[in-house]
Amino acid sequence: MRLILLGPPGAGKGTQAKLLMKKYNIPQISTGDILRRAVQDDNDLGRKAKTSMDAGSLVPDETVIGLIRERIREADCARGFILDGFPRTEVQAEKLDEMLRELELTIDAVLDFSVDAEELVLRLTGRRTCRECGAMFHVDGRPPKRSGVCDHCDGALYQRPDDNQATITKRMEVYEKETAPLKKYYSQQGNLKTLEGAGDTEQIFSRVCQLVSS
Ligand code: ADP
Ligand code: ZN
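Next up, the structure:
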């Protein structure tokens, strides 16, 4: 099973990707997570990406394409994968198609999460993430049992530096301009499946599963 999760920042792609990963036993490939890890490790990639990420703009296409090119060839991707946050531009989508052709692979579905802008901002500003295991919480919607501590692994929760109002606005603009056109790209390929991304996690997951198996 090979899936692409498409949708604006805060749409719930990461949360649903983690559930899909468990259900189908295939890896979640999140370019955002890979880049954040690189920033934390302060390696070459991280130093290159940090400025763009902090500003809410995109990391250059060649950089993320290179990451994906290597990642999808790893052994754990043989049975499939979930792309979360990639592709994000038409160039990335075209390159991905090229890579898949080379590997003689196809995408089973592109799930497009639709959520209204007001809800997105609420989700992003209240979001807290576990530094250790990546689990996500929300200060109002899905609070951890103990404030600041992950329910699953006791790791420390943190707020992403790009989850502030100014950067969120910028990320939304970038999404509309660069990423939203991919809906048309994939609908022309006949792969696009749009779903309502409002509601609670379990509800959305059942919509996701229905679309994936239809
Ligand atoms: P969100 O979808 O909530 O904005 P992500 O974790 O997917 O968050 O991405 C965070 C940041 O990482 C983006 O704002 C961007 O700077 C960078 N990034 C992630 N994926 C890509 C990509 N495919 N192309 C370019 N930049 C990316
Ligand atoms: Zn954790």
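Residue numbers (this note's numbering): 135 to 348. Glycine is no exception: its CB is placed at the ideal position from the N, C-alpha and C atoms. Note that the structure is predicted; figures quoted are calculated from it, not measured.
- According to the DSSP assignment, Arg136 belongs to the beta strand (DSSP E) that extends over 136 to 140.
- Within 7 angstroms of the C-beta of Gly282 there is not a single heavy atom belonging to the ligand ZN.
- One alpha carbon belongs to Glu232, the other to Glu238, and they sit about 10 angstroms apart.
- In summary, Cys284 is buried, with 16 or more beta-carbon neighbours lying within 10 Å of its beta-carbon over all protein chains present.
- Rounded to the nearest angstrom, the gap between the Cα atoms of Lys318 and Thr223 is 12 angstroms.
- Placement of the Cβ of Pro315 at a distance of 7 angstroms or more from every heavy atom of the ligand ADP is found.
- Relative to the ligand ADP, the nearest heavy atom lies less than 7 angstroms away from the CB of Pro221.
- With a threshold of 16 other beta carbon atoms within 10 Å, Asp218 meets it and is buried.
- Judged by DSSP secondary structure, Ile202 falls within the alpha helix (DSSP H) whose first and last residues are 195 to 205.
- As the crow flies, the alpha-carbon of Ile199 is around 30 angstroms from that of Ala332.
- Distance from the C-beta of Ser340 to the nearest heavy atom of the ligand ADP is not below 7 angstroms.
- Sorting Ile302, Lys311, Cys287 by C-alpha distance to the C-alpha of Arg294 places Ile302 at the top.
- Counting only runs of 3 or more residues that sit fully inside the segment 228 to 297, the beta strand (DSSP E) segments are 243 to 248, 261 to 264, 270 to 272, in chain order.
- Annotation for Arg205: Ile163 place their beta carbon closer than 6 angstroms to its own, counting only its chain and skipping 5 residues before and after.
- Distances from the CB of Leu139 to the heavy atoms of the ligand ADP are all 7 angstroms or more.
- Just measuring C-alpha positions, the residue of Gln150, Lys156, Pro221 sitting nearest Met270 is Gln150.
- By the Cβ neighbour-count rule, Asp242 is exposed, with fewer than 16 other Cβ atoms within 10 Å of its own.
- In this structure, Thr197 is the residue among Leu140, Thr197, Ala189 with its C-alpha nearest to the C-alpha of Ala172.
- Out of Leu140, Ile160, Val342, the CA that lies nearest to the CA of Cys211 is found in Ile160.
- Within the same chain, and ignoring the five residues on either side of Asn325 in sequence, the residues whose Cβ sits closer than 7 angstroms to its Cβ are Ile241, Ala243, Val244.
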